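Residue numbers (my numbering): 830 to 933. Reading through the C-alpha coordinates given below for one structure.
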Amino acid sequence: MEVVNTDTVPGEEIEESLGIARGNTVEARNVGRDITQSIRNLTGGELKAYSELLTKAREEALSRMVEDAKSMNADAIVNVRLESSEISNGGSEVLAYGTAVRLA
830 MEVVNTDTVP GEEIEESLGI ARGNTVEARN VGRDITQSIR NLTGGELKAY
880 SELLTKAREE ALSRMVEDAK SMNADAIVNV RLESSEISNG GSEVLAYGTA
930 VRLA
(Lines of atoms letter the chains of each structure in order from A; the text may use other names.)
(Lines give C-alpha, C1' and ligand atoms only; values in the text may rest on other atoms or scores of the structure.)
Protein backbone atom coordinates (compact mmCIF):
# COMPACT_ATOMS: atom_id res chain seq x y z
CA MET A 830 0.00 0.00 0.00
CA GLU A 831 1.47 3.33 -1.07
CA VAL A 832 0.95 6.02 1.58
CA VAL A 833 1.91 9.56 0.59
CA ASN A 834 1.19 13.11 1.74
CA THR A 835 1.11 14.41 -1.84
CA ASP A 836 -1.85 14.70 -4.25
CA THR A 837 -0.58 11.85 -6.41
CA VAL A 838 1.65 8.80 -6.20
CA PRO A 839 4.82 9.58 -8.20
CA GLY A 840 4.87 7.64 -11.46
CA GLU A 841 1.31 6.37 -11.03
CA GLU A 842 -2.08 7.47 -12.34
CA ILE A 843 -5.10 7.57 -10.07
CA GLU A 844 -8.00 5.71 -11.63
CA GLU A 845 -10.61 6.13 -8.92
CA SER A 846 -11.08 7.94 -5.63
CA LEU A 847 -12.71 5.68 -3.04
CA GLY A 848 -13.27 8.08 -0.15
CA ILE A 849 -11.60 9.02 3.08
CA ALA A 850 -9.58 6.37 4.89
CA ARG A 851 -9.09 7.07 8.58
CA GLY A 852 -7.56 5.59 11.66
CA ASN A 853 -7.26 6.86 15.19
CA THR A 854 -6.11 5.90 18.64
CA VAL A 855 -6.24 7.43 22.09
CA GLU A 856 -3.25 7.04 24.38
CA ALA A 857 -3.01 8.03 28.03
CA ARG A 858 -0.04 8.84 30.20
CA ASN A 859 0.56 6.87 33.37
CA VAL A 860 1.45 8.08 36.86
CA GLY A 861 4.94 6.56 36.92
CA ARG A 862 5.78 8.13 33.59
CA ASP A 863 4.38 11.49 34.74
CA ILE A 864 6.68 11.54 37.76
CA THR A 865 9.85 10.83 35.79
CA GLN A 866 8.90 13.23 33.02
CA SER A 867 8.09 16.00 35.53
CA ILE A 868 11.63 15.72 36.89
CA ARG A 869 13.01 15.84 33.32
CA ASN A 870 10.85 18.89 32.64
CA LEU A 871 12.58 20.72 35.51
CA THR A 872 16.08 19.99 34.21
CA GLY A 873 15.30 20.41 30.51
CA GLY A 874 15.71 18.09 27.58
CA GLU A 875 13.52 15.77 25.58
CA LEU A 876 10.64 14.07 27.37
CA LYS A 877 11.51 10.70 25.80
CA ALA A 878 8.72 8.70 27.42
CA TYR A 879 6.14 11.08 25.95
CA SER A 880 7.89 11.10 22.56
CA GLU A 881 7.77 7.29 22.53
CA LEU A 882 4.10 7.30 23.55
CA LEU A 883 3.17 9.66 20.71
CA THR A 884 5.31 7.76 18.19
CA LYS A 885 3.46 4.57 19.11
CA ALA A 886 0.12 6.38 18.78
CA ARG A 887 1.02 7.77 15.32
CA GLU A 888 2.10 4.33 14.10
CA GLU A 889 -1.13 2.77 15.37
CA ALA A 890 -3.30 5.46 13.76
CA LEU A 891 -1.47 5.04 10.42
CA SER A 892 -1.83 1.26 10.60
CA ARG A 893 -5.57 1.56 11.24
CA MET A 894 -5.90 4.01 8.34
CA VAL A 895 -4.18 1.51 6.01
CA GLU A 896 -6.54 -1.26 7.19
CA ASP A 897 -9.51 1.02 6.48
CA ALA A 898 -8.19 1.70 2.96
CA LYS A 899 -7.65 -2.02 2.37
CA SER A 900 -11.30 -2.64 3.28
CA MET A 901 -12.17 -0.29 0.39
CA ASN A 902 -9.86 -2.26 -1.96
CA ALA A 903 -7.56 0.73 -2.33
CA ASP A 904 -4.05 0.55 -3.79
CA ALA A 905 -2.83 3.77 -2.18
CA ILE A 906 -3.69 6.61 0.16
CA VAL A 907 -2.89 10.17 -0.94
CA ASN A 908 -2.97 13.49 0.92
CA VAL A 909 -2.25 11.76 4.22
CA ARG A 910 -2.47 13.99 7.28
CA LEU A 911 -1.94 13.45 10.99
CA GLU A 912 -3.62 15.41 13.75
CA SER A 913 -3.49 15.18 17.50
CA SER A 914 -5.60 16.63 20.24
CA GLU A 915 -5.98 16.37 23.97
CA ILE A 916 -9.29 14.74 24.83
CA SER A 917 -8.86 14.53 28.58
CA ASN A 918 -6.28 15.46 31.16
CA GLY A 919 -3.48 13.07 30.29
CA GLY A 920 -5.10 11.53 27.19
CA SER A 921 -4.41 12.40 23.58
CA GLU A 922 -5.99 11.28 20.35
CA VAL A 923 -3.97 10.84 17.18
CA LEU A 924 -5.93 10.78 13.91
CA ALA A 925 -4.53 9.75 10.54
CA TYR A 926 -6.58 10.36 7.40
CA GLY A 927 -6.20 10.56 3.65
CA THR A 928 -7.93 9.77 0.38
CA ALA A 929 -8.07 6.08 -0.53
CA VAL A 930 -7.51 5.59 -4.26
CA ARG A 931 -7.26 2.84 -6.85
CA LEU A 932 -4.33 3.18 -9.23
CA ALA A 933 -4.49 2.55 -12.98
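All C-beta atoms, glycine included, are put in the ideal place defined by N, C-alpha and C. All values reported here derive from a predicted model rather than from experimental measurement.
With 16 or more other Cβ atoms from the protein chains shown falling within 10 Å of its own Cβ, M894 counts as buried. Sixteen is the threshold: when 16 or more other Cβ atoms of the shown chains lie within 10 Å of the Cβ of G927, as they do, the residue is buried. Our two residues, D897 and K877, have alpha carbons roughly 30 Å apart in a direct line. Around the beta-carbon of G840, fewer than 16 other beta-carbon atoms lie within 10 Å, marking it exposed. In the DSSP assignment, V855 forms a beta bridge with E922. L891 and Y879 have their C-alpha atoms some 18 Å from each other. Around the Cβ of I906, a 10 Å sphere holds 16 or more other Cβ atoms; the residue is buried. Note: R931 is bridge-paired with E845 in the DSSP secondary-structure output. Beta-carbon to beta-carbon, A903 and A850 are separated by about 7 Å, close enough to satisfy the 8 Å threshold.
Rounded to whole angstroms, the Cβ separation of V930 and L911 is 18 Å, and the two are not in contact under 8 Å.
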